[in-house]
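A.B. asks:
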Amino acid sequence: MSRVVLCYSGGLDTTVCIPLLKERYGFAEVITVTVDVGQPESEIKRAEERGKKYADRHYTVDAKEEFVNAVFQLVKANGDYEGYVLGTALARPIIAEKVAEIAKKENADAVAHGATGKGNDQLRFDNIFLQHGFKVIAPMRELNLTREWEIEYANEHGIDIPVTKDKPWSIDENIWSRSIEGGKLEDPSYVPPDEIYEWTKGGKTEEEIITIEFEKGIPVALNGKKMNGIELIMALNEIGGEHRIGRTDMMEDRVLGLKARENYEHPAATILITAHRDLEKLVLSRRELKFKRFVEEEWAELVYYGLVNDPLFHALNAFIDKTQERVTGWVKLKLGDGYVMPVARDSKYSLYDEELTSFDSIVVDQSLAEGFSMFHGLQGRVFYRVVKNRRN
1 MSRVVLCYSG GLDTTVCIPL LKERYGFAEV ITVTVDVGQP ESEIKRAEER
51 GKKYADRHYT VDAKEEFVNA VFQLVKANGD YEGYVLGTAL ARPIIAEKVA
101 EIAKKENADA VAHGATGKGN DQLRFDNIFL QHGFKVIAPM RELNLTREWE
151 IEYANEHGID IPVTKDKPWS IDENIWSRSI EGGKLEDPSY VPPDEIYEWT
201 KGGKTEEEII TIEFEKGIPV ALNGKKMNGI ELIMALNEIG GEHRIGRTDM
251 MEDRVLGLKA RENYEHPAAT ILITAHRDLE KLVLSRRELK FKRFVEEEWA
301 ELVYYGLVND PLFHALNAFI DKTQERVTGW VKLKLGDGYV MPVARDSKYS
351 LYDEELTSFD SIVVDQSLAE GFSMFHGLQG RVFYRVVKNR RN
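Okay, structure coming up:
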């Protein structure tokens with residue numbers, strides 16, 4: 001009996017894959033797997049109900065803690081790809097690993113996903129599935145399907161779908177970020193309606209100050225209260241969302257070279273990365289910060305491309321972890337309507353020395369700087385004289 005394990009979200013794309021895998025590919029059994037990386041409980045429940053209704057068997061795998069561990073590595077790396085905080089990109093390899101585990105358990109002949117041939121998810125899923133030796137089926141990509149065709153196909157097969165032609169938003173949500181795309185949002189000149197946002201509806205008009213504590217680069221407490229990773233991220237998503245913090249509307253360069261208009265919500269991510277970067281500036285040296293920026297850019301690109309199994313990714317993490325040994329302390333942030341701003345910070349590893357820096361201190365003899373100043377910019381001044389003399 002031919003058997004395929006489908007990476008299943010419960011949405012339009014993956015739901016229409018279930019009958020397609022039988023009708024077009026001839027599989028006798030379709031087994032769906034939903035991996036929980038912090039989606040809303042209603043979404044997990046919907047996926048379970050649909051998986052059990054339309055597929056031959058269904059699994060739900062809880063990977064929230066594993067995902068949060070990956071998120072905190074992202075915080076240490078200040079993970080940011082062109083302004084995108086990598087929520088979906090970071091989750092995909094974890095989801096793929098869990099699906100591969102079920103596929104091995106079920107002795108599946110292949111694994112499948114609902115990613116298109118124009119996006120990045122196909123690469124992130126394929127890379128992990130192929131690593132485990134599975135044949136990969138991607139109906140959206142292989143059959144060159146459009147979203148409009150999928151909606152018609154779902155209606156013809158009596159499949160209840162959460163989108164319409166009028167509001168064809170494609171939503172991907174986990175505990176770290178919420179992405180909204182599709183429909184009119186694909187037009188860069190289209191101004192999105194507020195209805196696409198759920199996490200950042202706002203409502204709070206007064207500014208507030210919060211305190212986040214870090215231990216070795218990992219956030220561990222909010223306003224003096226110790227929290228586990230899931231609790232902390234959820235709390236900051238709520239607090240930041242009340243201030244409309246963490247909206248991103250951007251033109252994004254996909255792996256294939258296509259430019260795409262993307263909309264994201266990520267209150268906790270914006271707050272935590274802002275705080276973490278600020279604390280690093282207090283405890284890391286100038287050269288560490290400069291070199292780490294290059295590392296962060298490469299790290300973010302590897303995550304975006306889904307290449308978390310690349311040897312370079314592990315090497316970059318080793319460097320990042322070394323820098324985080326001193327990133328311990330607290331940061332106070334002011335939250336307002338659509339913005340977050342660090343206003344105070346402290347660490348036992350601070351490289352700031354008030355006696356050396358203060359204008360009121362006499363610890364440093366300022367006259368000693370005169371010799372340094374004589375040589376500072378020397379080559380530029382020589383260049384200026386040479387050019388000036390030649391013109392004359």
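In terms of the UniProt record's numbering, the sequence shown has 150 at position 150, counting the first letter as 1, and numbering is strictly consecutive.
Heads up, the beta-carbon is just placed ideally off N, CA and C, and yes, glycines get one too.
As the structure is a prediction and not an experimental result, all values here were calculated from the model.
1. Assess contact between the segment 229-247 and the segment 196-212, defined as three or more Cβ pairs (one per stretch) separated by less than 8 Å. Is contact present?
2. Kindly identify the DSSP beta-bridge partner or partners of Glu181.
3. What does DSSP give as the partner residue(s) for Tyr264 in the beta ladder?
4. Going by DSSP, what residue range makes up the alpha helix (DSSP H) through Asp126?
5. In terms of residues, what are the limits of the beta strand (DSSP E) holding Pro219?
6. Check the C-beta distance from Glu265 over to Arg247 and give it rounded, since I have them as a contact under 8 Å.
7. Whole beta strand (DSSP E) runs in the UniProt domain "Arginosuccinate synthase-like N-terminal" (3-159) with 3 or more residues, listed along the chain?
8. Does the distance from the C-beta atom of Ile320 to that of Val295 stay below 8 Å?
9. Would you call the segment 60-80 in contact with the segment 243-257, where contact means no fewer than 3 C-beta pairs closer than 8 Å?
10. His58: buried (16+ other C-beta within 10 angstroms of its C-beta) or exposed?
11. Alpha carbon to alpha carbon, how far is Glu97 from Val4? Give it in angstroms, no decimals.
12. Would DSSP call Leu284 helix, strand or coil?
13. With a 10 Å radius around its C-beta and 16 neighbouring C-beta atoms as the bar for buried, classify Arg345 as buried or exposed.
14. Where does the unbroken alpha helix (DSSP H) through Thr211 begin, and where does it stop?
15. With a floor of 3 residues, list each beta strand (DSSP E) that falls wholly inside the segment 290-350, ordered by position along the chain.
16. With DSSP as the reference, identify every bridge partner of Asp353, one or two as the case may be.
17. Taking Gly241 as part of the alpha helix (DSSP H), name the residues at either end of that continuous run.
18. How should Pro19 be labelled, buried or exposed, when 16 other C-beta atoms within 10 angstroms of its C-beta is the threshold for buried?
19. Whole angstroms is fine: what's the gap from Glu66's alpha carbon to Val382's?
20. CB-CB under 6 Å to His157, same chain, minus the five flanking residues each way: which ones, in chain order?
21. Beta-carbon within less than 7 Å of Lys226's beta-carbon, same chain only, minus the 5 sequence neighbours each way: which residues are those?
22. Can you tell which of Arg141, Ala55 and Ser177 has the C-alpha that lies nearest to the C-alpha of Met234?
C.D. replies: On the basis of the data shown:
1. The segment 229-247 is in contact with the segment 196-212.
2. Ser170
3. Ser179 and Thr248
4. Asp121 to Gln131
5. Ile218 to Leu222
6. That belief holds up - the Cβ atoms of Glu265 and Arg247 are roughly 6 Å apart, short of 8 Å.
7. 3-7, 29-36, 57-62, 110-112 and 135-137
8. yes
9. no
10. buried
11. Rounded to the nearest angstrom, the two C-alpha atoms are 15 Å apart.
12. coil
13. Its Cβ being crowded by 16 or more others within 10 Å, Arg345 is buried.
14. Per DSSP, Thr211 lies in no alpha helix (DSSP H) segment; the continuous beta strand (DSSP E) that holds it begins and ends at Glu208 to Glu215.
15. 329-336 and 339-346
16. DSSP, once it has assigned bridges, lists no residue as partnering Asp353.
17. First-last of the alpha helix (DSSP H) with Gly241: Gly229 to Glu242.
18. buried
19. 58 Å
20. The answer, listed in chain order, is Pro19.
21. Val220
22. Ranking Arg141, Ala55 and Ser177 by Cα distance to Met234 puts Ser177 first.
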